[in-house]
Every structure is written in C-alpha cells, then in structure tokens.
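Peer 1: Under our numbering, read the sequence shown as residues 13 to 274, first letter to last. Don't be surprised by glycine CBs; every beta carbon is placed ideally from N, CA and C. From a predicted model like this one, the values you see are computed outputs, not experimental measurements.
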Amino acid sequence: MFYSANFNGMTVIKSDLFDKYGIAHMFSTVKDTKRKTVNGVNFGFREGFPYEETVDSYKKVADYFGVNFEKITKAAQTHTDHIEKITKNRIGMGISKETDFNDTDGIYTIEKNAPLCVFTADCVPVLIADKNNRAVCAVHSGWRGTEKKITEKAVKIFTGELNIPLEDIICAIGPCISKCCFEVSGEVADVFEGYENASVYKPNGKYNLDLKKINTDILLNAGIPKENIDVCELCTMCDNELFYSYRRDGEKTGRLGNFIMR
Ligand SMILES: [Zn+2]
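#1: May I ask you to report which of helix, strand or coil DSSP gives G269?
#2: Touch check for the region 248-261 and the region 37-57: three-plus C-beta pairs under 8 Å?
#3: So, does the region 34-51 touch the region 92-102, judging by three or more C-beta pairs under 8 Å?
#4: Which whole-angstrom value describes the C-beta separation of I162 and D117, a residue pair presumed to lie in contact below a C-beta threshold of 8 Å?
#5: Under the DSSP definition of a beta bridge, which residues are partnered with S69?
#6: Could you tell me which of L139, K224 and T23 sits nearest to F30, measuring between CA atoms?
#7: Looking at ligand 1, does it come within less than 7 Å of M273, judged from the CB to the closest heavy atom?
#8: Once the 5 residues before and after G60 are set aside, which same chain residues still bring their CB inside 7 Å of it?
#9: Could you tell me how far apart the beta carbons of E189 and F204 are, in whole angstroms, since I believe they sit closer than 8 Å?
#10: Below 7 Å, is the gap between the Cβ of S211 and the nearest heavy atom of ligand 1?
#11: Which full runs of the beta strand (DSSP E) of 3+ residues lie inside the region 175-245, going along the chain?
#12: Taking Cβ to Cβ, would you say F271 is nearer than 8 Å to L128?
Dropping the structure here:
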C-alpha cells in the first residue's frame, strides 16, 4: 500500500512494502509548505522553473536520505529500455556532474548512500529493490519503455548479474497517469493486445490504457511474486494538487522525482 508522508513540510508518497524491508525511497509531489516555489517542487532543469529552486529540491531530497546533494544520480531519459549500472565514479551524474550515459531509462547500483532518480510527468516510475538491500534500481517506463519491457530487463539484471533470487525482489509502481485518464490511439492500444484488460475502448474511437496493470503483468511474467509488487493508485492527471501531468498541462509542466537508495 502507498501512503503520503511529510518530510519537513514536503509531501512525499511512499510504499509500505519498501518500508517493511527498510528500503529508503520516495516519490515526490509538488507540495512543500516550508518552501516558496514558483510552480511547486520540481526536479527537471527546465524553463519556467528557476534553476536554484530545482537545485534546492534535490538538496532537500538529499536531506531526506541523509546524504550530500552530490550523491544523487539521475538517468538520462529518452524512452529507451537501456539500463546502466551506477558505479562509484558515476555517482552524481545527471545532476551535479555531466553524465557519460545517454539514452538510459533505468539505473541501478550496489553502492551505498547514493540515491538514484528517475523523473516523470505521467510516465510510470518503477522502483526495484532487494529485500536484503543488496541493490536498488530506478526505472522510467512510459508506454514506449513498457512496450520494450524495461522492467523485465531490470529484473533480469537482479537475477542474473546480481544473483538475487526472484522472491527477494520487490517492486513499487509509483504515481502515474492511470486508466481513468490515459487516452491513446488504436495503434498504441494494439501494441499491448497481448495483455489482459490492458485497455478499454471508448465511444470516441480511442482507448484508455492501463500502464500500471501492464507493468504489473510484465513483472509477474518475469517471475516476481504478486505480494512483492506494490502499486500506487494515485493518478497524476486526476490529482492536480499533488502532481505534474504532461497530458494535463503540456510540455511546460514540471517533473516529479522518484528516488531510491541502498
Ligand atoms: Zn486519472
């Protein structure tokens, strides 16, 4: 189950499954009663959001995790299924130093005290961890990443390279655009034909797609036990008090941050 919590004025969303195993994590919202921001708490370096404010957002997240700001690493997201390992020399890339991995929508690490970040504005953030806290992974899975099964690739890294048994892998599917709001064309709906109840047809000729359900099915098909998958019910497009939404607000919208640390 997901719930909202408060960290020094900042509203964050958390998974009690990850809490149970002591995995440090959080999904951001736009809310922080202790900070004055132009358009809410934002993690994307972009127009309309003052640079210093964005840096301060990362600094507050660093406080939340009890580390220095330079320890946070962010993926360079372009809707691929590419996943990179964050080794010691890569810590901080994408935020406080230049990145050497482009087109990367998933990052994982075995390093301690080095939070990983993917940002989203409707796409599906998936955090993956090991019950025994040997590795953590952050994945950005929009419909294109979902089509390419990026979450299955992440699971394979855990079971293969990291030698972590399937029953020890836990996954949290965070706040994202939900079936209520995610309207797509027939062409996009067709891509996910193989998944049960993935979409519903509407009188306007479009479909509403359920990316949470599809990503859950991909994880189940990869062998993750059902009880090891926590799915957030919140919809980023429905809830404008808490979330940015690309579909609702367009390109100018901010970015939510989704973080996990070993
Ligand atoms: Zn919705």
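Peer 2: Taking the coordinates as given:
#1: strand
#2: yes
#3: no
#4: 6 Å
#5: DSSP lists no partner for S69.
#6: L139
#7: no
#8: N51 and K264
#9: A quick correction: the sequence has Ile, not Glu, at residue 189. Between F204 and I189 the Cβ distance is about 15 Å, and since that is not below 8 Å, they are no contact.
#10: no
#11: 181-185, 211-213, 219-221 and 241-243
#12: yes
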